[in-house]
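Accompanying notes for the structure given below.
In this note's numbering, the protein residues as written are 9 to 224.
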């Protein structure tokens, strides 16, 4: 069966589902901020998708540690877990935000929306990047391998909350692999958020739908 057998994924899934039934985790069944427009079942779906993406990256990281190659695993099952999971995550995001556009007739509270996105993504992202930079610092022996200006630019790219692709830092090869390369999706996420004002025009009434439908 080998390292890339599919059964560990399903075993882990079964164990997590069994643990979720314990009274210890009963509080997790209640949303922290109940809203009438909240789709609770999507929270459960996100859990399955997150587990799929985790196993996908674990399989890639195993091969990276063994062979030094950051490539897809030879197993089609584990190779597809990540792309399929991320694709469904993107579809959920599109569904939820388009629902907001329709509900507000294309006029949501834009400032609140974007500030909310920054504070939803930023804190955990910056903590992860700080850990990555500490790892790079240790991995390079705290020596400066590039010019100070180049180092500042490299770190600045990583602090941009995913707006730009983070480069290698201080000459540390494959810096993004420290975070398992998971930050690549943020660039596409920001593009989606920045496109919302244009998409919102199609939600301002029935007459506004036709030209956008024809253009599509």
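No residue lacks a Cβ here, since even glycine has one placed at the ideal position from N, Cα and C.
Keep in mind the model is a prediction, meaning the values are calculated, not measured.
Contact set for residue i: own chain, Cβ-Cβ below 8 Å, skip 5 residues either direction
{"i": "residue 165", "result": "172, 173, 174, 175"}
{"i": "residue 12", "result": "67, 81, 82, 83, 85, 86"}
{"i": "residue 125", "result": "201"}
{"i": "residue 144", "result": "177, 178, 180, 183, 186"}
{"i": "residue 198", "result": "169, 170, 171"}
{"i": "residue 52", "result": "none"}
{"i": "residue 131", "result": "none"}
{"i": "residue 119", "result": "none"}
{"i": "residue 159", "result": "152, 177, 178"}
Extent of the continuous alpha helix (DSSP H) run through residue i
{"i": "residue 161", "result": "156-166"}
{"i": "residue 186", "result": "Looking at the DSSP string, residue 186 is not in any alpha helix (DSSP H), and its letter there is neither H nor E."}
{"i": "residue 89", "result": "84-111"}
{"i": "residue 200", "result": "192-208"}
{"i": "residue 141", "result": "118-147"}
{"i": "residue 15", "result": "15-28"}
{"i": "residue 49", "result": "48-75"}
When the options are compared against residue i, the one with the closest alpha-carbon
{"i": "residue 49", "options": "133, 73, 100, 72", "result": "100"}
{"i": "residue 170", "options": "137, 148, 156", "result": "137"}
{"i": "residue 97", "options": "23, 149, 37, 55", "result": "55"}
{"i": "residue 203", "options": "37, 58, 122", "result": "122"}
{"i": "residue 14", "options": "110, 151, 33, 88", "result": "88"}
{"i": "residue 192", "options": "90, 24, 72, 20", "result": "90"}
{"i": "residue 205", "options": "31, 132, 114", "result": "114"}
{"i": "residue 57", "options": "18, 69, 26", "result": "18"}
{"i": "residue 133", "options": "36, 167, 110, 197", "result": "167"}
{"i": "residue 21", "options": "159, 70, 111, 62", "result": "62"}
{"i": "residue 16", "options": "120, 210, 64, 37", "result": "64"}
{"i": "residue 10", "options": "155, 104, 70, 189", "result": "70"}
{"i": "residue 208", "options": "72, 73, 106, 160", "result": "106"}
Cutoff 7 Å; reference residue i; Cβ partners in own chain excluding five residues on either side
{"i": "residue 187", "result": "136, 140"}
{"i": "residue 72", "result": "78, 185"}
Whole-angstrom C-beta distance between residue j and residue i, which should lie under 8 Å
{"i": "residue 93", "j": "residue 60", "result": "4 Å"}
{"i": "residue 33", "j": "residue 25", "result": "Wrong, their Cβ atoms sit about 11 Å apart, outside the cutoff."}
{"i": "residue 194", "j": "residue 129", "result": "7 Å"}
Neighbourhood of residue i by C-beta distance below 6 Å, restricted to the same chain and skipping five residues each side
{"i": "residue 116", "result": "108"}
{"i": "residue 153", "result": "178, 179"}
{"i": "residue 162", "result": "175, 177"}
{"i": "residue 213", "result": "none"}
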